[in-house]
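What follows is a single structure, written as structure tokens, with notes after it.
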Amino acid sequence: DQQVKQNSPSLSVQEGRISILNCDYTNSMFDYFLWYKKYPAEGPTFLISISSIKDKNEDGRFTVFLNKSAKHLSLHIVPSQPGDSAVYFCSVSGSARQLTFGSGTQLTVLP
Amino acid sequence: SAVISQKPSRDICQRGTSLTIQCQVDSQVTMMFWYRQQPGQSLTLIATANQGSEATYESGFVIDKFPISRPNLTFSTLTVSNMSPEDSSIYLCSVEDRGEKLPHEQYFGPGTRLTVT
Chain U
1411 DQQVKQNSPS LSVQEGRISI LNCDYTNSMF DYFLWYKKYP AEGPTFLISI
1461 SSIKDKNEDG RFTVFLNKSA KHLSLHIVPS QPGDSAVYFC SVSGSARQLT
1511 FGSGTQLTVL P
Chain F
2 SAVISQKPSR DICQRGTSLT IQCQVDSQVT MMFWYRQQPG QSLTLIATAN
52 QGSEATYESG FVIDKFPISR PNLTFSTLTV SNMSPEDSSI YLCSVEDRGE
102 KLPHEQYFGP GTRLTVT
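These protein sequences, in sequence, are chains U and F.
Take the first sequence: its letter number 98 is residue 1508 in this note's numbering, and every next letter is one higher.
Take the second sequence: its letter number 19 is residue 20 in this note's numbering, and every next letter is one higher.
Next up, the structure:
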């Protein structure tokens, strides 16, 4: 049973436009939600997070939205840049502080 | 942030053999994690390794198949034993930032790409 789902394996966006990556989760007890970015041949790197008590967190071009009633979060990147092309993983953290990851979305930003 | 290195970066192994993956961190950390990413799939936690205690394995992973050592606060090894083609994956180690800021981020090594033939 997948606790974290990223239903879009891939997304292509034109440079300068907005990229929206989506993630659904099943357990309402998660405390934190994190997005990681992964380039080929590298380990994932932390991008942005949000606490369960908030509904929005912004960091430069990256904004994460949390809809607790729908158990849904999304990552918005605007404007998108070719260097943003990577695999993006949604992850959740509960009381055990372990991370559970979604399957990832490959974002391709076209110049 | 922590800088993590892994050895080897990749390997091709024959079924039935074992491979030991090393993870080195540039600072002392309490908790280290080992993950597996099978082709096209998510990162799955194999075990949590604390220095001075036995590793804690997640459901579906056992010590006989994935023995872990944690001899000090900067180093850990994961062995993939009696390998089969199903063990072909990227294996990653990570450490947790135990600073005051929440959530505690995890920093990942570059991964070891294992192919079992």
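Note that CB positions come from ideal geometry on N, CA and C, so glycine has one too.
How long is the line joining the alpha carbons of residue i and residue j, rounded to whole angstroms?
| i | j | result |
| --- | --- | --- |
| L1483 of chain U | D1469 of chain U | 16 Å |
| L1520 of chain U | P1492 of chain U | 6 Å |
| D27 of chain F | S2 of chain F | 10 Å |
| N1404 of chain U | G110 of chain F | Shown here, chain U extends from 1411 to 1521; a query on residue 1404 of chain U therefore has no answer. |
| Y108 of chain F | R16 of chain F | 31 Å |
| E55 of chain F | Q1424 of chain U | 49 Å |
| S1490 of chain U | L1421 of chain U | 12 Å |
| S10 of chain F | R114 of chain F | 6 Å |
| Q38 of chain F | T1473 of chain U | 26 Å |
| S1461 of chain U | C14 of chain F | 42 Å |
| S1479 of chain U | T1515 of chain U | 23 Å |
| C1433 of chain U | I1463 of chain U | 18 Å |
| N1437 of chain U | Q1413 of chain U | 7 Å |
| G112 of chain F | D12 of chain F | 11 Å |
| F1443 of chain U | Y58 of chain F | 23 Å |
Going by C-alpha to C-alpha distance, which of the options sits closest to residue i?
| i | options | result |
| --- | --- | --- |
| P1450 of chain U | F:I47, F:I91, F:T118, F:T116 | F:I91 |
| G41 of chain F | U:S1503, U:Q1413, U:S1418 | U:S1418 |
| S1501 of chain U | F:L44, F:M33, F:D12 | F:L44 |
| G53 of chain F | F:N73, F:Y36, F:I69 | F:N73 |
| T1518 of chain U | U:Q1413, U:G1426, U:V1414, U:K1415 | U:G1426 |
| S1495 of chain U | U:Q1412, U:K1415, U:V1414, U:I1430 | U:I1430 |
| T18 of chain F | F:T31, F:W35, F:S82, F:S95 | F:S82 |
| Q7 of chain F | F:I64, F:T118, F:C24, F:P86 | F:C24 |
| F34 of chain F | F:G61, F:K66, F:F76 | F:F76 |
| T31 of chain F | F:V96, F:E106, F:I64 | F:V96 |
| G61 of chain F | F:L20, F:V117, F:Y36 | F:Y36 |
| E1452 of chain U | U:H1486, U:V1497, U:I1487, U:L1509 | U:V1497 |
Which word fits residue i, buried or exposed, when buried means at least 16 other C-beta atoms lie within 10 angstroms of its C-beta?
| i | result |
| --- | --- |
| K1448 of chain U | buried |
| I22 of chain F | buried |
| S69 of chain F | For the sequence presented, residue 69 of chain F should be read as Ile rather than Ser. Buried is the call here. |
| M84 of chain F | buried |
| M1439 of chain U | exposed |
| I47 of chain F | buried |
| P1454 of chain U | buried |
| T1510 of chain U | buried |
From the DSSP output, which residues share a beta bridge with residue i?
| i | result |
| --- | --- |
| T116 of chain F | F:I13 |
| V81 of chain F | F:L20 |
| H105 of chain F | Paired residues: none, contrary to the question. |
| F1456 of chain U | U:Y1446 |
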